[in-house]
Every structure is written in structure tokens, then in C-alpha cells.
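Residue numbers (the numbering used here): -18 to 156. Heads up, the beta-carbon is just placed ideally off N, CA and C, and yes, glycines get one too. Source: prediction; values computed, not measured. See below for the structure under consideration.
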Amino acid sequence: MSTIIKESINASKVMRYVGKIPQKQLADKFWTSRSNVSHMLNGRRKMQKDVASTALTNIDSNLFKLALSHEFSELIPDVFAGQGVNQTPLSYLVMYEQEAGEFNASINEVMKFFVKPANQLTNGERVSARNNLKELIDVLGWGYNLLFYASDYLNIDAYKLMSEQDKIWKQKEWI
């Protein structure tokens, strides 16, 4: 397994989410040279962690932040922007609801795995548990995409929303 947080990434895919910001302005926002930005845009140079950290602070696009976070740590889902995705806020909501419904339908089966010690699960139960966890990953993926896409649509900073929720979770002693 590769490292969880990468030192650098090919940023050409991520850079499509910065919008129509000129390279010189991007260089200023990234605290790097215009030529470095040009090389990152066309994939000739990798984006380093320090540049990415600065970019997360200085670029307003929530989808850029999600894509960048995914590239550096695959524990965060990528932006769902493939051909099979209708790029409208309502579409993201519908897909999230559909995936959540599918996971919810299997919740009783998931509960069966938690009442039995993990070391006593049969191979079949482990396969079933794994498949149910993949359903949960689908729900989380659509949830992240819904949050970041809707935040961009509504011009709300997803990072600030998450920070606000962090404080609430601490008050509730969840974290």
C-alpha cells in the first residue's frame, strides 16, 4: 500500500477546477512562479505539498479543494465529474439519496456483523461485510460531492462549514 499522504501529485487534473484564473494570478495565489504553474497545468511538473497547502487557502473553488485533497490522500473521495454524472445540484442530491437508500436497505445485514466478534465471521460474512462497506463508501462519496458541489453553487466555503461543525462535534463530545 502506498503512503496515505503523498509528497507531490500530478496536478493537471486538479487544475481544471481553479476556474478561468490567469497563470500569473494562479502563481501569486500559489506563491510560486508562473512557469511552475504552467508546468503543473500541462503535467510536466508535480505539485508539492507546500504549494498545495497554499492553494487550499487561496483558491475559492470547493471542487478544487476536494480534488486536491483526494489526490494527496485517497481517503477522501474524488470529484464525481465523469460522463455518467449529470453536473447539476439536484442530480447530486438525487444520487446521494439513492445511494443512502441502498445502504439503508442493507443496514440490518450490517448490524449482524457487529453483534458477532470479528474473528468469528465466516468468509462469506466477511465478503458480505466488505460489499456493504463499499456501499457506505458510495454514500460518503456522493455526500462529499454533494457538499462541495452545493457549496460552490451557493458560494459557501465548505472548509468553513466543516470547521463550524467540528466545533459543534467537540461540544457534543463526539471528537
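V108 and N100 have their C-alpha atoms spaced approximately 14 Å apart. Within its own chain, the residues whose Cβ lies closer than 8 Å to the Cβ of K46, once the five positions on either side in sequence are excluded, are L37, I40, F129, A139 and Y140, listed in chain order. If the five residues before and after F84 are omitted, its C-beta is found closer than 6 Å to the C-beta atoms of E116, L117 and V120, all from its own chain and listed in chain order. Going by DSSP, I149 is part of the alpha helix (DSSP H) stretching over A139 to Q152. Annotated three-state conformation of I(-10) is strand, per DSSP. Rounded to whole angstroms, the separation of the alpha carbons of L114 and K30 is 30 Å.
In this model, I(-14) and P3 are separated by some 29 Å (Cα to Cα).
Residue environment for V(-1): buried (at least 16 other C-beta atoms within 10 angstroms of its C-beta).
Look at Q29 here: in three-state DSSP terms it is strand.
Judged by their CB atoms, G24 and S(-7) are nearer to each other than the 9 Å cut-off. By the CB criterion at 9 Å, A110 and V96 fall outside the cutoff. In this structure D133 is buried. Its beta-carbon is surrounded by 16 or more other beta-carbon atoms within 10 angstroms. Take R(-3), set aside five residues on each side of it, and no residue of its chain has a beta-carbon closer than 7 Å to its own. By the neighbour-count criterion, in which a residue is buried when 16 or more other Cβ atoms sit within 10 angstroms of its Cβ, I(-10) is buried. In chain order, P70 place their CB closer than 6 Å to the CB of A131, counting only its own chain and leaving out the 5 sequence neighbours on each side.
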